[in-house]
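Just so we're aligned, residue 0 is where the sequence shown starts under numbering that gives the first Met the number 0, counting upward by one.
To start, the structure itself, in structure tokens.
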Amino acid sequence: MEFKQIQELIKTVKQSSISELTIEEGEFKITIKQEFASTAVAMPAMPVQAIAAPVAMPVAPAAIAAPVAASAPAATAASAPAAESASGNTITIKSPMIGTFYRSPSPEKGPFVNVGDDIKAGQVLCIIEAMKLFNEIESEYSGKIVKVLIDDSSPVEYDQPLFLVEPA
């Protein structure tokens with residue numbers, strides 16, 4: 000990610016009601032936080048020399064080609080954080096970033112997972128598009144999909160619940 004892109008991210012966060020934005024590209028990670036009465040702060044987790052080269056992506060979601068996995072960044076997004084629900088028998092898989100939620104790799108293909116499907120740790124559950132980058136979200140847990148909490152092509156916020164999973 001180039002310095003100019005980081006500056007644009009900071010401006011965008013300042014102009015929005017977003018309190019925190021985290022983006023990961025390969026070994027490079029940046030978190031931009033803002034308080035309502037203060038300025039945004041950028042905190043890179045890795046030195047600038049570790050920045051991965053940007054990957055060109057299609058302009059519109061409708062133009063996504065069938066081999067999305069091949070055109071996605073080599074290092075996909077880390078598995079979504081999860082928390083046990085109050086009942087203790089399901090796990091909530093949450094969004095690791097802000098963006099647009101997609102249940103399938105392309106409009107012509109079926110969803111990655113449906114309610115009732117058995118999943119394994121490392122299995123792709125969905126895609127979140129952030130800044131024209133399509134990030135595959137993988138499960139950290141094995142189990143069964145109990146509920147999909149977000150509609151396809153909907154915007155999601157950081158830490159927003161996406162799926163309820165009954166652990167295996």
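From the three backbone atoms N, C-alpha and C, an ideal C-beta is built for every residue, glycine too.
Note that the structure is predicted; figures quoted are calculated from it, not measured.
Anticipated Cβ contact below 8 angstroms, residue i with residue j, distance rounded
i: L161; j: K93; result: 6 angstroms
Residue(s) in a DSSP beta bridge with residue i
i: L132; result: A129
i: Y101; result: I126
i: V155; result: G98
i: P110; result: The partner list for P110 (beta bridge, DSSP) is empty, contrary to what the question assumes.
i: L20; result: I31
Residue from the options with nearest C-alpha to residue i
i: G115; options: P154, K146, E1 and Y157; result: K146
i: P106; options: N88, I126 and P95; result: I126
i: K143; options: V164, E24, I149 and Q14; result: V164
i: A129; options: F2, E137, F100 and Y140; result: F100
i: T89; options: P95, S141 and K10; result: S141
i: D151; options: Q122, L132, K131 and N113; result: N113
i: G25; options: S153, N134 and L148; result: N134
i: I149; options: L124, K131 and L132; result: L124
Nonlocal neighbours in the same chain, by C-beta distance under 7 angstroms from residue i, ignoring five residues either side
i: S103; result: G109, P110 and F111
i: I97; result: I17, L20, A129, V155, E156 and Y157
Contacting residues, own chain, Cβ-Cβ under 6 angstroms from residue i (five flanking each side not counted)
i: I22; result: I29
Contact under 8 angstroms by Cβ, residue i with residue j
i: I136; j: P95; result: yes
i: K13; j: Q33; result: yes
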